[in-house]
Amino acid sequence: MTQIDEVLAGNRRAIARTITRVERGGREAHTVLAQLYPQTGHAQLIGVTGAPGTGKSTLVNRLAKAYRDQDRTVGIVAVDPTSPFSGGAILGDRVRMHSLSGDDGVFIRSMATRGSLGGLARTTRDVVAVLDAAGFDVVFVETVGAGQSEVEIADAAHTTLVVTVPGLGDDIQAVKAGILEIADVFVINKADHPNADQTVVQLRTMLNMDPHMGDWRPPILKTIATAGDGVPELVDAIEEHYVHLASTGEKAQRDRARARSEVLDILRHTLLSRALDGLPQAEFERVIDRVGEREMDPYAAVEKLLKQKVA
Ligand SMILES: Nc1nc2c(ncn2[C@@H]2O[C@H](COP(=O)(O)OP(=O)(O)OP(=O)(O)O)[C@@H](O)[C@H]2O)c(=O)[nH]1
Ligand SMILES: [Mg+2]
């Protein structure tokens, strides 16, 4: 059996090794993906994003258990996490009885490689593709909602959960980061803290003012991830959104949009690396210096670099 066959058969060691190969990027990663890609497209992809410490991992642990209770297998990709996945250990006893660790139906992978070769969003998608091909029914991608790549990652999901906590500050930040637009479901976690209801009202007001709202109105749900409160309702909301996507044809649209942005993304990286390939670093730095000194404008610099490349 080749390693690819073993991945398709769900062999955990093969999956782990293949993810490592994919993360390294380059030609070898491309070969792996070429073989796996035809087998992807079956997993339900759920993005979970939000400010640091809002309880995303705790929530994903809970959601994963809920899906396991439905006999669905779960892959989890945590991008650049500051707090590790517990595998269920920090959760209550009731849950610990069937914690995630040791469950063959769950595969957890943390990606600490910020600024990886092909870009974080690129690598994350490839890792998700491995888990998809390996047959996991549901794949969660947890990202700290801050920058463009996080938005891109969330964009690649069927359903994106935006997690906030009670308090106005975070909500304003969420809006600033452009995260409001990507939310299919809002989660106000840590609803055991005061002002949760107030936050719901504030968020609803903001949503009602949003002119871009389509025919899906993102629900706002309160959860206490540590206790599991609100998690069944959250699962229902995710499933409702997934059914909505399928029944309105939006799923096909999103899948196509995802294919387009993937191809454009790879094209961009490929063109850039071709343009820089074989160009001496010193030469590149010299041009940058001249732009810095205002001896050359940045457009002229690019023309010069491209010409040097041809010469
Ligand atoms: N009071 C309370 N604490 C919570 C709740 N959910 C999570 N926490 C706690 O908040 C802390 C952060 O939780 P994580 O799940 O690691 O949060 P995260 O968003 O994944 O954090 P990063 O990955 O570091 O951005 C932990 O100490 C959790 O136990 C909740 O509903 N209520
Ligand atoms: Mg986390």
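The letter at position 180 of the sequence shown is residue 175 when you use the working numbering, and the numbering goes up by one with no holes. Note that the Cβ used here is the ideal one computed from N, Cα and C, for glycine as well.
Along the length of the segment -4 to 39, whole alpha helix (DSSP H) runs at least 4 residues long occupy -2 to 3, 7 to 19 and 21 to 31, reported in chain order.
Within the same chain, Cβ atoms closer than 6 angstroms to the Cβ of A220 are found at G50, T53, L54, R57 and N184, the five residues on either side in sequence being excluded.
Under the DSSP definition of a beta bridge, M106 partners with V74. T68 and F131 do touch by the CB rule: their CB atoms are close to 5 angstroms apart, below 8 angstroms. Not one heavy atom of ligand 1 lies closer than 7 angstroms to the C-beta of A178.
When the Cα atoms are used, A295 and L267 turn out to be separated by approximately 17 angstroms.
Its chain contains P293 and A296 as the residues whose beta carbon lies nearer than 6 angstroms to that of V286, once the 5 sequence neighbours on both sides are disregarded; these appear in chain order. Between L28 and V17, the beta carbon gap of about 7 angstroms places them in contact (Cβ cut-off 8 angstroms). E290 carries a coil assignment under DSSP once its states are collapsed to helix, strand and coil.
As the crow flies, the alpha-carbon of T119 is around 15 angstroms from that of A38. Closest in C-alpha terms to G5, from the list T138, D127 and S96, comes D127. Beta-bridge annotation (DSSP): I183 is paired with T159 and K217.
Between L198 and T265, the alpha-carbon positions lie close to 40 angstroms from each other. Assigned with DSSP and collapsed to three states, T68 falls in coil, not helix or strand. Per DSSP, reduced to three states, the secondary structure at F131 is coil, with no helix or strand assignment. Placement of the Cβ of A73 at a distance of less than 7 angstroms from at least one heavy atom of ligand 2 is found.
In the three-state DSSP reduction, D224 falls in the strand class (E or B). Residue side-chain check: H188 places its Cβ nearer than 7 angstroms to a non-hydrogen atom of ligand 1.
In this structure, P227 has its CB at a distance of at least 7 angstroms from all heavy atoms of ligand 1. The alpha helix (DSSP H) runs lying completely inside the segment 226 to 291 and spanning 4 residues or more are 226 to 243, 245 to 271 and 276 to 287, given in chain order.
Taking all protein chains in view, the Cβ of H153 is crowded by 16 or more other Cβ atoms within 10 Å, so the residue is classified as buried. Annotation: the continuous alpha helix (DSSP H) that includes A191 extends over A191 to M204. Of the candidates L216, D210 and A178, L216 places its Cα closest to the Cα of V196. Residue state for T154 is assigned as strand, using DSSP reduced to three classes.
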